[in-house]
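A.B. asks: Sharing a structure with you now.
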Amino acid sequence: MKNARIPSKDVAAECGVSRAAIHQRIQRMIDLDVITGSGYHVNPKVLGYSTCTYVGVRLEKGSMYRQAVESLEQIPEVVECHFTTGPYTMLIKLFARDNQHLMELLNDKIQHIEGVMSTETLISLEQSINREVPIHYGDWLK
Numbered sequence: 005m006k007n008a009r010i011p012s013k014d015v016a017a018e019c020g021v022s023r024a025a026i027h028q029r030i031q032r033m034i035d036l037d038v039i040t041g042s043g044y045h046v047n048p049k050v051l052g053y054s055t056c057t058y059v060g061v062r063l064e065k066g067s068m069y070r071q072a073v074e075s076l077e078q079i080p081e082v083v084e085c086h087f088t089t090g091p092y093t094m095l096i097k098l099f100a101r102d103n104q105h106l107m108e109l110l111n112d113k114i115q116h117i118e119g120v121m122s123t124e125t126l127i128s129l130e131q132s133i134n135r136e137v138p139i140h141y142g143d144w145l146k
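Using our numbering, read the sequence shown as starting at 5 and increasing by one per residue.
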C-alpha cells in the first residue's frame with residue numbers, strides 16, 4: 005500500500021513467498037475489489053493549491069444530492085464529496101489557491117448550486133494522518 009510500484013519480486017522476498025504467490029494475491033484482491041486502483045498521488049501545494057478545505061453543505065432536500073453532485077463534479081477543485089448524516093447533507097473536500105480563490109469557489113460556484121441552503125467552511129491547517137485502511141490477508145478472504 006505504501007508503494008504500488010515496488011516489483012512483485014521484492015514483495016515476495018520480503019514476505020518469504022514466491023513471486024507467483026504475490027501476483028495471485030494481488031490479482032485476487034483486485035478481483036474482490038479490495039484493491040480498487042493504483043496510481044500517483046499529486047501534491048496540491050506544489051501545484052499552487054495551498055488551502056485544503058472541508059465544506060459542510062445543507063441541501064433543501066436530501067433527494068437533491070445526486071443533482072448537486074453533478075454540479076460539484078464540474079468544479080475541478082472539489083476532490084471528494086460524501087453524502088452524510090448529521091448537520092450536513094453532504095461534506096466536500098476541496099483545494100483552493102488562497103482565501104480569495106476559496107471565497108470565489110464558495111460564493112460564485114458552490115452556493116449557486118440548486119438546492120444549496122447553506123455551507124459551513126472548515127480550513128485544514130495541517131494533515132497529520134494520511135493512510136489507507138490496513139489489510140490483513142485473512143480478514144477479507146473468507
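The beta-carbon is built from N, C-alpha and C at its ideal position, and this holds for glycine as well.
Could you name each continuous alpha helix (DSSP H) segment of 4 residues or more that falls completely within the segment 113-146, going from the start of the chain to the end?
C.D. replies: Listed in chain order, they are 141-144.
A.B. asks: For a test of the three-state rule: what should DSSP assign to Arg9, helix, strand or coil?
C.D. replies: If DSSP states are grouped into helix, strand and coil, Arg9 belongs with coil.
A.B. asks: What's the C-alpha gap between Gly41 and Val137?
C.D. replies: One C-alpha to the other measures close to 14 angstroms.
A.B. asks: Just to confirm, is the Cβ distance from Arg62 to Met107 under 8 angstroms?
C.D. replies: Contact flag unset, no.
A.B. asks: Under DSSP, the beta strand (DSSP E) around Leu63 begins and ends at which residues?
C.D. replies: Per DSSP, Leu63 belongs to the beta strand (DSSP E) from Thr55 to Leu63.
A.B. asks: Just grab the DSSP bridge partners of Met68 for me.
C.D. replies: Its beta-bridge partners do not exist; DSSP assigns none.
A.B. asks: For the alpha helix (DSSP H) that contains His105, what are its first and last residues?
C.D. replies: Unbroken alpha helix (DSSP H) run through His105: Asn103 to Glu108.
A.B. asks: Got a sec? Which residues, its chain only, sit under 7 angstroms from Asp82 by beta carbon, not counting five neighbours each side?
C.D. replies: In the sequence as presented, Asp is not what sits at residue 82; that position holds Val. Same-chain partners within the cutoff: Leu76, Ile96 and Leu98.
A.B. asks: Would you kindly check if the distance between the Cβ of Leu126 and the Cβ of Tyr53 is under 8 angstroms?
C.D. replies: No, Cβ-Cβ distance for Tyr53 and Leu126 is not below 8 angstroms.
A.B. asks: Provide the residue span of the beta strand (DSSP E) that contains His27, from first to last.
C.D. replies: Not the beta strand (DSSP E): His27 falls in the alpha helix (DSSP H), residues Arg23 to Asp35.
A.B. asks: What would DSSP say about Glu84, mapped onto helix, strand or coil?
C.D. replies: If DSSP states are grouped into helix, strand and coil, Glu84 belongs with the strands.
A.B. asks: Out of Val21, Gly66 and Arg70, state which residue places its alpha-carbon closest to the alpha-carbon of Gly90.
C.D. replies: Gly90 has its Cα closest to that of Gly66, out of Val21, Gly66 and Arg70.
A.B. asks: Apart from the five residues on each side of it in sequence, which residues of its chain come closer than 6 angstroms, Cβ to Cβ, to Glu124?
C.D. replies: Closer than 6 angstroms at the Cβ level, and outside the excluded window around Glu124, lie Gly60.
A.B. asks: Give the straight-line distance between the Cα atoms of Arg135 and Met33, rounded to the nearest whole angstrom.
C.D. replies: Going from the Cα of Arg135 to the Cα of Met33 covers about 18 angstroms.
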